[in-house]
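The structure appears below as structure tokens.
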Amino acid sequence: MVSTIDPAQTDAVVLVGGQGTRLRPLTVSTPKPMLPTAGYPFLAHLLARIQAAGIKHVVMGTSYKAEVFEKHFGDGSDLGLEIEYVVEEEALGTGGAIRNVESRLRYDTAMIFNGDVLSGADLGQILTTHAEREADVTLHLVRVPDPSQFGSVPTDADGRVQAFLEKTEAPPTDQINAGCYVFQRDVIQSIPQGRAVSVERETFPGLLKSGARVYGHVDTTYWRDMGRPSDFVQGSSDLVRGIAPSPLLEGRTGESLVDDSAGVAGGAILVGGTFVGRGSTIGAGCRLDDCVIFDGVTVEPGAMIRDSIIASGARIGANARIQDCVIGDGVQIGARCELQGGMRIWPGVNIPDLGVRFSPDA
Numbered sequence: 001m002v003s004t005i006d007p008a009q010t011d012a013v014v015l016v017g018g019q020g021t022r023l024r025p026l027t028v029s030t031p032k033p034m035l036p037t038a039g040y041p042f043l044a045h046l047l048a049r050i051q052a053a054g055i056k057h058v059v060m061g062t063s064y065k066a067e068v069f070e071k072h073f074g075d076g077s078d079l080g081l082e083i084e085y086v087v088e089e090e091a092l093g094t095g096g097a098i099r100n101v102e103s104r105l106r107y108d109t110a111m112i113f114n115g116d117v118l119s120g121a122d123l124g125q126i127l128t129t130h131a132e133r134e135a136d137v138t139l140h141l142v143r144v145p146d147p148s149q150f151g152s153v154p155t156d157a158d159g160r161v162q163a164f165l166e167k168t169e170a171p172p173t174d175q176i177n178a179g180c181y182v183f184q185r186d187v188i189q190s191i192p193q194g195r196a197v198s199v200e201r202e203t204f205p206g207l208l209k210s211g212a213r214v215y216g217h218v219d220t221t222y223w224r225d226m227g228r229p230s231d232f233v234q235g236s237s238d239l240v241r242g243i244a245p246s247p248l249l250e251g252r253t254g255e256s257l258v259d260d261s262a263g264v265a266g267g268a269i270l271v272g273g274t275f276v277g278r279g280s281t282i283g284a285g286c287r288l289d290d291c292v293i294f295d296g297v298t299v300e301p302g303a304m305i306r307d308s309i310i311a312s313g314a315r316i317g318a319n320a321r322i323q324d325c326v327i328g329d330g331v332q333i334g335a336r337c338e339l340q341g342g343m344r345i346w347p348g349v350n351i352p353d354l355g356v357r358f359s360p361d362a
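The sequence shown begins at 1 in UniProt numbering and counts up by one.
Below, the structure written as structure tokens:
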């Protein structure tokens, strides 16, 4: 194996088949990777990073609402990419999903991405590690302050992976699987075909047992799993503020990002990485802190929203108070309502003026 890998001779495989259940009701109508995130579908930020790294050919492994991806991204030419789509007819797990796209690969090396992850890793450096170690598989491992929330992946002094450990209160390392891998194609071909396979629980441990060269590329770059509402809000905020890198937002980062077609009245305060989508209107005296406002939302004067997601077409009444909530498509929140504590309001719900809800699902 050569000591460098040409990104243009590397396939990118992006796994976007999940149903995004932890982000419901937002994902009832839209697959998670297509949710608006700092002005673009979340997946667009990853594709821009792939293109910036010099990778050209992308195979997208889809399943849930598969047609949405091709309708939006097409053949990828607008992004400087060549995108193909493979639909997973039944759930195959992460390993099965990788095996399912093998026939579309063009090269001997493939870089695999979990479509749920927001990352700042240097993709070229991960490929370099893979080449220098002459690895069969290289995992991006990120060091985190509290690894007890994740499975951990210890490595030896040379970076060779020693084990894949389940979540534990006292992990032996702060290195976790960051959801980005480099595979040699023959390893992908060895994954069983036509059945569900977990790459984390079956493929990787099996490779270690067989003596395969499995290495880690360890860094401390930005990393966030966007699966929960709180992480989705934080990830969008970090993109807006430039904490999480995206080629799509270069030169446009700050305390807020407002689409050119949106209207923000005088005296409204937008901070904390708040994003406001197309055609939305923010009334006078509103304060939006660390929020994601989708398209066509109306926030009436004096409303205060914090750490929340407001989906398309929703209306937030005057002087309402919303914190740590997910408000679904077309929801009508009356004036002076107070909602907080992880509440999720499903699409089309109408809460009258002064209405207060305590259930987490209204």
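Every residue gets a Cβ at the ideal spot worked out from N, C-alpha and C, and that includes glycine. Please read all numbers here as calculations on a predicted model, not as lab measurements.
For residue 229, the secondary structure class from DSSP, reduced to helix, strand or coil, is helix. Membership of residue 22 in any beta strand (DSSP E) is not indicated, and neither H nor E is assigned to it by DSSP. The Cβ-Cβ distance between residue 137 and residue 214 falls below 8 Å.
Fully contained in the region 255-342 are the following beta strand (DSSP E) runs of length 3 or more, in chain order: 256-258, 269-271, 274-276, 287-289, 304-306 and 321-323.
With fewer than 16 other CB atoms across the displayed protein chains lying within 10 angstroms of its CB, residue 266 is exposed. For residue 213, no beta strand (DSSP E) encloses it, and the DSSP letter there is neither H nor E. Here the C-alpha atom of residue 256 lies approximately 9 Å from the C-alpha atom of residue 38. Under the Cβ criterion (8 Å, minimum of three pairs), the region 5-16 counts as touching the region 51-69.
Pairing residue 83 with residue 77, the inter-Cα distance amounts to about 8 Å.
For residue 205, the CB contacts under 6 Å within the same chain, skipping 5 residues up- and downstream, are 164 in chain order. Membership of residue 184 in the beta strand (DSSP E) is indicated by the continuous run 175-184. Counting the other Cβ atoms within 10 Å of the Cβ of residue 219 gives 16 or more, which makes it buried. A distance below 8 Å separates the beta carbons of residue 162 and residue 154. Measuring C-alpha to C-alpha distances from residue 291 to each of 320, 71 and 325 identifies 325 as the nearest. Minimum Cα-Cα distance from residue 75 among the listed residues 90, 56 and 92 corresponds to 56. Residue 65 and residue 85 have their alpha carbons spaced roughly 12 Å apart.
Between residue 294 and residue 33, the gap from beta carbon to beta carbon reaches 8 Å or more. The continuous beta strand (DSSP E) containing residue 82 extends over residues 82-87. In the three-state reduction of the DSSP assignment, residue 28 falls in the helix class. Counting along the chain, residue 126 sits inside the alpha helix (DSSP H) bounded by residues 123-132. Straight across, the Cα-Cα distance linking residue 148 with residue 301 is about 43 Å.
The Cβ-Cβ distance between residue 283 and residue 262 does not fall below 8 Å. Of the candidates 126, 80, 169 and 184, 126 places its Cα closest to the Cα of residue 159. Residue 133 and residue 296 have their C-alpha atoms spaced approximately 50 Å apart. For residue 94, no beta strand (DSSP E) encloses it; the enclosing alpha helix (DSSP H) starts and ends at 93-100. A direct Cα-Cα distance of roughly 16 Å separates residue 151 from residue 94. Straight through space, the alpha carbons of residue 191 and residue 89 are spaced by roughly 18 Å.
Inter-residue distance for residue 242 and residue 197 is about 36 Å (C-alpha atoms, whole angstroms). Note: residue 113 is bridge-paired with 14 and 180 in the DSSP secondary-structure output.
Just so you know, the alpha carbons of residue 145 and residue 223 end up roughly 12 Å apart.
With respect to the C-alpha of residue 181, the residue from 139, 199, 193 and 169 having the closest C-alpha is 139. The beta-carbon separation of residue 330 and residue 348, rounded to 5 Å, stays under the 8 Å limit for a contact. If you draw a straight line from the Cα of residue 130 to the Cα of residue 4, it comes to about 8 Å.
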